[in-house]
Amino acid sequence: MFRVPFCRFVVRDRSMEPFLREGDHVLTLNWGGVKASDVIVFRHFPSHSGAKTRKTGRSDRISLVRGILSWSLPLQDDKKAYFVKRVRKISGRHIFVEGDNKKMSAKVGSIKVGQIVGKVILKY
């Protein structure tokens with residue numbers, strides 16, 4: 015499968031405040047490993063993406079942005095949703111992730127390494 019080295023995303027919620035704010039853009043590096051404390055973008059599939067915050071009822075989604083360095087996927091893909099979270103712990107091929115803003119962050123828990131799109135290397 016062909017993979018691009020970088021993707022751009024737009025943050026669409028407040029789950030990562032104060033590090034990332036709604037409307038911020040991020041650039042991900044899609045090769046290499048991740049470590050605890052890295053901020054990552056990952057795919058979450060419909061059977062799992064129903065988690066919503068209790069306070070707002072909004073999911074912690076971000077949107078893929080089309081552009082010169084971006085993968086040409088639609089902004090909303092019915093088959094998967096994209097999330098941004100911080101890596102808290104790595105155990106084998108499972109990674110425990112959570113948002114920085116506990117009040118606004120849905121509980122995702124652990125994801126598989128294969129769900130990772132990339133590590134956030136730049137916010138703008």
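According to the working numbering, the sequence shown is numbered sequentially starting from 15. Note that CB positions come from ideal geometry on N, CA and C, so glycine has one too.
Asked                                                                                                                                                                : Found
So for residue 48, helix, strand or coil by DSSP?                                                                                                                    : coil
Please look up how many angstroms separate the CB atoms of residue 36 and residue 22, rounded, as I've assumed it's under 8 Å.                                       : Not a contact, Cβ separation roughly 16 Å.
Here's a check: name, in chain order, each residue in its chain whose Cβ is nearer than 6 Å to the Cβ of residue 31, leaving out the five neighbours to either side. : 115
Can you give the Cα-Cα distance for residue 50 and residue 95, rounded to whole angstroms?                                                                           : 22 Å
Going by DSSP in three states, residue 18 sits in which element: helix, strand or coil?                                                                              : coil
Please classify residue 100: is it buried, with 16 or more other beta-carbons within 10 angstroms of its beta-carbon, or exposed?                                    : buried
Where does residue 108 land, buried or exposed, given buried means 16+ other C-beta within 10 angstroms?                                                             : exposed
Going by C-alpha distance, which of 110, 34, 56 is nearest residue 132?                                                                                              : 56
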